[in-house]
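In order, the protein sequences belong to chains W and E.
Per the numbering used here, the first sequence runs over residues 873 to 1146.
Per the numbering used here, the second sequence runs over residues 799 to 1074.
Ideal placement from N, C-alpha and C gives every residue a C-beta, glycine not left out.
Given the structure is predicted, the values throughout are model-derived calculations rather than measurements.
Quick notes on the structure that follows.
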Amino acid sequence: MTPLTTSALPSPVPAASLTTTSEPPRLRTDKLTAMYGKSTAVSGVTLGFPANQVHALIGPSGCGKSTFLRCLNRTHELSDGGWITGRVLLDEEDVYDARVSAMVLRRRIGMVFQRPTPFPTMSVYDNVAAGLRAGVRLRRGETDEIVERALRQAALWDEVKDRLRGSAMALSGGQQQRLCIARTIAPAPEVVLLDEPTSALDPQGTQRIEEVVVELKGDFTIVIVTHNMQQAARTSDTTTFFYLGTMVETGATRQIFTAPRNEQTEAYITGRFG
Amino acid sequence: MRRIASNFMVGLMLGAVVVAVLPLVFILGDLLVKGAGSLSWSFFTRLPAPAGQSGGGVANAIVGTLIIVGVASLIGLPVGIGAGIFCAEYSGSRLAWLTRFVADVLNGVPSIVVGVFAWTWIVARQKHFSALAGSVALAMLMIPMVLRTTEEMIKLVPRSLREAALALGYPRWRTTLQIVVRTTLPGIVTGSLLAVARIAGETAPLLFTALGSQFFTTDVTQPMAALPLTVFTYATGPYEEWHRFAWGAALVLILVVLALSLLARLATRQRFDLNG
Ligand SMILES: Nc1ncnc2c1ncn2[C@@H]1O[C@H](COP(=O)(O)OP(=O)(O)O)[C@@H](O)[C@H]1O
Ligand SMILES: [Mg+2]
């Protein structure tokens, strides 16, 4: 595995792993606490994300899901007053180690946001290639190939293959969000974080994204925040319930939704609050 | 009743619009009537005729204005844009606060004071008038305008766009230049063009610095003619011929300013929709 402290690009596709218990999770947190100045948004979360699975984070609004997610790729520290205690480990390497470059880390842990964020001045093609250009220089042909593959994986290729040079802003909201997914996976990160990626989309756009997310787990480890419990049930292998900044329960998605152990979890998934 | 009140308000607003637009129409009309007659080939290509003689042109003043405003832009735009980017990117820092404060004060300083300042620090020390001193004075007027518009434009770029770039592993400086500034470039260009248009007609600072000249020169260390100075000198002169020249020069000046403003509009028209 590429060490974080070098600036080399990570290997393209992480090998599919068998989910054996002996293998450490691809990404995990250890007593992670996230602060905004003096106020605590996430407190003491220890959680692991095995490779090549979809992990859903659910919980009522304001319970710290986004903050937790943003700690994983060190974008939390971009917020005013954002700081953490505890550890985040990618392949058992502490991403908050002083020798780790946040820029290199973010190329290994990609992120898709709540609202589509295509770069307005760039074409469809350049948007997908944008992340590649942050890393090592590629040959033209190589870039073409990677852009096409990323767009195919994001189920957008057929819709945009004739307008690669056109503005990304001409796409629909759902297409823009899939473009952002393509942009995120093009540099071949190991982990893809999605923060309520469908909350700004219509049902049809939502369904396309969900299908893409499930497809992507063959190549990536996925952590998806959602306030939509059906979405968690449909897409994820494991589900974690957050409440008031703490992790209440985590487990296989089927177990969380059919036999939750915690009564707060049960209250939430049965729709009694949140 | 509500309807009457509403109509009344619309009427008031329309009245305000007319009052706002009429001066431009009158000025343009007046200039066209009085100035168009003196626009001839020789007006654009010849030097001013010696006092009392007829004929001649304002070629030196046209070239002089281009040079003085051009040099002022070379100084003012990079400094203004650069400082504007700084203030937007490090908006919480003390230096940004101080810069913003100085810019706001400078924005309120009358241009004649800026002219006197340039005279004291450059002309008086070098012991002669120069176009460069004029450019410095105009640049000082430009910088706060460009700085503030650049900053405001950059602040319009949604935070999410910046974060999307950083989350892709972009270094901060590349995020700023390639994503944030690039996205808002049409706005910055518009602000810059408006600032250029705004200083092109400044007269007071040039009276103390570039001074004006009857001769053709491209040497910025020497006194140089400029259209606003031509208007000023000729309009206050004793000859009928001079007055016609003043109208002509004023017309050329306002056409240049109008063209710059139109360019600025065009630049914003092509602006990308940030909110998609
Ligand atoms: N930029 C910020 N500055 C200060 N507090 C914040 C900021 N962002 C979020 N918070 C606070 O942190 C808590 C968790 O927010 P968030 O992680 O966005 O929750 P969720 O994504 O689950 O809705 C909330 O109480 C919220 O008010
Ligand atoms: Mg959130």
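Taking all protein chains in view, the Cβ of W:K1089 is crowded by 16 or more other Cβ atoms within 10 Å, so the residue is classified as buried.
Beta-bridge partners assigned by DSSP to W:A1124: W:T1110. In this structure, DSSP gives W:M994 a state outside helix and strand, which the three-state scheme calls coil.
Less than 7 Å divides the Cβ of E:G862 from the Cβ of E:A1023.
At a cut-off of 7 Å between C-beta atoms, W:M975 counts as an interface residue with respect to chain E. Interface annotation, W:P992: in contact with chain E, CB-CB separation under 7 Å.
Between E:A901 and E:V987, the CB-CB gap reaches or exceeds 7 Å. For secondary structure counted as the alpha helix (DSSP H) over 4 or more consecutive residues, the segment 848-932 of chain E holds these complete runs in sequence order: 857-887, 892-906 and 909-916. Bounds of any beta strand (DSSP E) do not take in E:V1029; it lies within the alpha helix (DSSP H) bounded by L1025 to A1033. Counting along the chain, the unbroken beta strand (DSSP E) around W:D1067 starts and ends at V1063 to D1067.
Using a Cβ-Cβ cut-off of 7 Å, E:I860 does not count as an interface residue toward chain W, since no Cβ of chain W sits closer than that to its own. For W:S1071, the CB stays at least 6 Å from every heavy atom of ligand 2. Inter-residue distance for W:V960 and W:V926 is about 18 Å (C-alpha atoms, whole angstroms). In the structure shown, E:A995 falls within a helical segment according to DSSP collapsed to helix, strand and coil. Counting along the chain, the unbroken beta strand (DSSP E) around W:D902 starts and ends at L899 to Y908. Interface with chain E (7 Å Cβ-Cβ cutoff): W:A1026 is excluded.
Inside the segment 1039-1089 of chain W, DSSP marks whole alpha helix (DSSP H) runs of 4 or more residues at positions 1045-1057 and 1075-1088, from first to last along the chain. Under the 8 Å Cβ criterion, the segment 979-986 of chain W does not count as touching the segment 932-941 of chain E, having fewer than three qualifying pairs. Put simply, the segment 893-908 of chain W touches the segment 951-967 of chain W. At least three CB pairs are less than 8 Å apart. W:H927 is bridged by DSSP to W:V1095 and W:T1110. Against chain E, a Cβ distance below 7 Å from W:G954 picks out nothing, because the smallest value is about 12 Å. Proximity of W:F940 to chain E, defined by a Cβ-Cβ separation below 7 Å, is not satisfied.
With fewer than 16 other Cβ atoms inside 10 Å of its own Cβ, E:S838 counts as exposed. Taking 7 Å as the upper bound on Cβ-Cβ separation, chain W lies near residues S958, L959, E961, A962, L964, A965, L966, G967, Y968, P969 and I977 of the segment 947-977 of chain E. Considering only E:L930, E:F927, E:S871 and E:L822, the residue with the shortest C-alpha distance to E:L945 is E:S871. Not one heavy atom of ligand 1 falls within 6 Å of the beta-carbon of W:Y1115.
Looking from the CA of E:L864, the closest CA among E:L992, E:I997, E:L812 and E:L964 belongs to E:I997. In this chain, E:V955 is not harboured by any alpha helix (DSSP H), its DSSP state being neither H nor E. The CB of E:R980 comes closer than 7 Å to the CB of T993 in chain W, given here in chain order. For ligand 1, a non-hydrogen atom lies closer than 6 Å to the CB of W:A913.
Judged by DSSP secondary structure, W:R1035 falls outside any alpha helix (DSSP H); it is assigned neither H nor E. Cβ contact annotation for W:L1028 (same chain, cutoff 7 Å, sequence separation greater than five): Q1047, R1050, L1051 and A1054, in chain order. Spanning the alpha carbons of W:S995 and W:R1037 requires a straight line of approximately 5 Å. Around the C-beta of W:G1077, 16 or more other C-beta atoms lie within 10 Å, and the residue is accordingly described as buried. Taking C-beta atoms under 8 Å as the contact rule, E:L875 and E:G932 fail to qualify, at a distance of about 16 Å.
One finds A965 in chain E with Cβ atoms closer than 7 Å to the Cβ of W:M983, taken in chain order.
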